[in-house]
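Chemist: Sequential numbering from 1 applies to the sequence shown in the UniProt record's numbering. Beta carbons are placed, not taken as given, at the ideal position from N, Cα and C, and that holds for glycine. It should be emphasised that the depicted structure is a prediction, and the values quoted were computed from it without experimental measurement. Once you've had a glance at the structure underneath, I'll fire off some questions.
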Amino acid sequence: MEAILLVGGQGTRLRPLTISTPKPLLPTAGVAFLAHQLARAHAAGVTRIVFATSYRAEMFEAAFGVRAHGVELVYVSEAEPLGTGGAIRNAARALTSGPDDPVLILNGDILSGHDVQAQVALHEKAGAAVTLHLTEVDDPSRFGVVPTDGEGRVTAFLEKAARPVTNQINAGCYVFRRSAIDTIPEGEVVSVERETFPGLIASGAVVMGHVESAYWLDVGTPEAFVQGSRDLVLGKIASSAMPGEPGDRLVLDGAVVSPGAVVRGGTTVGRGAEIEAGATVLGSVLQDGAFVSEGATVRDSVIGRGARVGAGAVLDGAILGDGASVGPGNELRGGLRLWPGISLPPTAVRFSTDA
Ligand code: GDD
Ligand code: MG
1 MEAILLVGGQ GTRLRPLTIS TPKPLLPTAG VAFLAHQLAR AHAAGVTRIV FATSYRAEMF
61 EAAFGVRAHG VELVYVSEAE PLGTGGAIRN AARALTSGPD DPVLILNGDI LSGHDVQAQV
121 ALHEKAGAAV TLHLTEVDDP SRFGVVPTDG EGRVTAFLEK AARPVTNQIN AGCYVFRRSA
181 IDTIPEGEVV SVERETFPGL IASGAVVMGH VESAYWLDVG TPEAFVQGSR DLVLGKIASS
241 AMPGEPGDRL VLDGAVVSPG AVVRGGTTVG RGAEIEAGAT VLGSVLQDGA FVSEGATVRD
301 SVIGRGARVG AGAVLDGAIL GDGASVGPGN ELRGGLRLWP GISLPPTAVR FSTDA
């Protein structure tokens, strides 16, 4: 089976990490995020993937080449982003599938443990134009809301609805009949969520929902990105692309973790990164060459390449861009982000026990 992988988005919610690296290539549990998706696609029977690229397009081929994780890879780029539907139509030029063949379409920022083969089987059995993977979330307002009838047929598609009618959402993995892709207008900006799906439903085409609540996460926000990496390291979702066994932490080659440091909760320590004695690092992503000084606490945070956390500093839910530096004693909490190269001086006020 062939697939199209949508990876052209700018990943704005993940800035500053996505300034230098597109979201799907961010190091996640030791490898580029997409490596996990490629490995899972391969396991589901996908043999060839067309990457639909736009933002920093050249970096994808540089990262994966013509074959990776058992899948042949082809790259099709948009000069200007064409939206999700336009990107699918554009990338379809590189497909070899026949008109009735099923083609898998994947959002490039999803970690999913669902059964793709069962989704394809439903698609074939129903003779559907499109079959969507649907899952349930607590807050559906950030997603495509997708009600279905008693037979599993999709009755509406409401992208980012202010008042969601159900908690059942579009999980970002579709099976398209190849000929249904060809109904998307060519060379135009089209949203598959706002135009193609509602259009197909209105025209009476068979659009099915494969409802499955396996592990599922969109890693498009900082909190979710850190969670995805953490869950992979802890083994909450299995990935054959992970360079190590699941466990409390993943320490990559050339990293130095002091025996006097506490590092766990699914933390990844990148190549050449260092954690000094007395530091505590929980559930975080330390990119290559990151440095955490003695007595610092880092929780649920991302430390960019070569970024530094000073002695006794506290980071909780924070993001440090590449080469950023937090001076000793500072506290960064609740989503704070430091842009690449920015340095926070040491805190002027020193807390000491013998004052
Ligand atoms: N090639 C290309 N060109 N890719 C694009 C473009 C484009 O113009 N715009 C977006 N993409 C890619 C992104 O890189 C991402 O992999 C995917 O399309 C979805 O875009 P997001 O920006 O992540 O969308 P979202 O998370 O707000 O919403 C989408 O995913 C939800 C599930 O996580 C929608 O499909 C929702 O309906 C869905 O519920
Ligand atoms: Mg997304």
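Out of Ala79, Tyr215 and Ile49, which one is the CA nearest neighbour of Glu72?
Modeler: In the sequence shown, residue 72 corresponds to position 72, counting from 1. The shortest Cα separation from Glu72 among Ala79, Tyr215 and Ile49 belongs to Ile49.
Chemist: Cα separation between Thr135 and Pro328?
Modeler: As a first step, residue 135 is located in the sequence shown; it is residue number 135 there, counting from the start. As a first step, residue 328 is located in the sequence shown; it is residue number 328 there, counting from the start. Computed Cα separation, rounded: 44 Å.
Chemist: Do you know offhand how far Glu151's Cα is from Gly172's?
Modeler: Looking up residue 151 in the sequence shown gives position 151. Looking up residue 172 in the sequence shown gives position 172. Cα to Cα, Glu151 sits roughly 21 Å from Gly172.
Chemist: Helix, strand or coil for Asp231 per DSSP?
Modeler: Taking the sequence shown and counting its residues from 1, one reaches residue 231 at position 231. Note: Asp231 maps to helix in three-state DSSP.
Chemist: Specify the secondary structure class of Met208 as computed by DSSP and reduced to three states.
Modeler: As a position in the sequence shown, residue 208 is number 208, starting the count at 1. Here Met208 sits in strand by DSSP.
Chemist: Buried or exposed: Ala355, going by 16 or more other Cβ atoms within 10 Å of its Cβ?
Modeler: As a working mapping, residue 355 is identified with position 355 in the sequence shown. Interpretation of Ala355 is limited by its pLDDT of 41, a score under 50 that renders its predicted location unreliable; no figure is taken from the coordinates.
Chemist: State yes or no: is the C-beta of Glu2 within less than 7 Å of the C-beta of Leu122?
Modeler: Your numbering for residue 2 matches position 2 in the sequence shown. Your numbering for residue 122 matches position 122 in the sequence shown. Against a cut-off of 7 Å, the Cβ pair of Leu122 and Glu2 comes out as no contact.
Chemist: Let me check one thing: in DSSP terms, what residues is Asp325 bridge-paired to?
Modeler: Within the sequence shown, residue 325 is the residue found at index 325, counting from 1. Looking at the sequence itself, residue 325 is Ser, so the reference to Asp does not match. Note: Ser325 sits in a beta bridge opposite Arg308 and Ser343.
Chemist: Hey, would you say Ala62 sits closer than 7 Å to Gly8, going by beta carbons?
Modeler: Here residue 62 refers to the residue found at position 62 when the sequence shown is read from its first residue. Here residue 8 refers to the residue found at position 8 when the sequence shown is read from its first residue. Cβ distance not < 7 Å, so Ala62 and Gly8 don't count as in contact.
Chemist: What separation, rounded to the nearest whole angstrom, lies between the Cα atoms of Glu159 and Ser191?
Modeler: Locating residue 159 in the sequence shown gives position 159, counting from the first residue. Locating residue 191 in the sequence shown gives position 191, counting from the first residue. When rounded, the distance between both Cα atoms is 10 Å.
Chemist: Is Asp218 near the ligand MG - that is, is its Cβ less than 6 Å away from at least one heavy atom of it?
Modeler: In the sequence shown, counting from the first residue as 1, residue 218 sits at position 218. Checking the Cβ of Asp218 against the ligand MG gives yes.
Chemist: Going straight from the alpha carbon of Tyr55 to that of Leu286, what length do you get?
Modeler: Working through the sequence shown from its first residue, we reach residue 55 at position 55. Working through the sequence shown from its first residue, we reach residue 286 at position 286. Cα-Cα distance, rounded: 24 Å.
Chemist: Is the beta carbon of Arg308 less than 7 Å from the beta carbon of Ser325?
Modeler: Position 308 of the sequence shown holds residue 308. Position 325 of the sequence shown holds residue 325. Cβ distance < 7 Å, so Arg308 and Ser325 count as in contact.
Chemist: Apply the 10 Å Cβ neighbour rule to Pro16 and answer buried if 16 or more other Cβ atoms are within range, or exposed otherwise.
Modeler: Looking up residue 16 in the sequence shown gives position 16. Burial call: buried.
Chemist: So the alpha helix (DSSP H) Arg89 belongs to, where does it begin and stop?
Modeler: Within the sequence shown, numbered from 1, the residue matching residue 89 stands at position 89. Gly83 to Ala91 is the extent of the alpha helix (DSSP H) around Arg89.
Chemist: With a Cβ-Cβ cutoff of 7 Å, do Ala273 and Ala255 count as a contact?
Modeler: Here the question's residue 273 lines up with position 273 in the sequence shown. Here the question's residue 255 lines up with position 255 in the sequence shown. Taking 7 Å as the Cβ cut-off, Ala273 and Ala255 qualify as a contacting pair.
Chemist: Note the first and the last residue of the continuous beta strand (DSSP E) segment covering Gln168.
Modeler: Along the sequence shown, one-based indexing puts residue 168 at 168. Residues Gln168 to Arg177.
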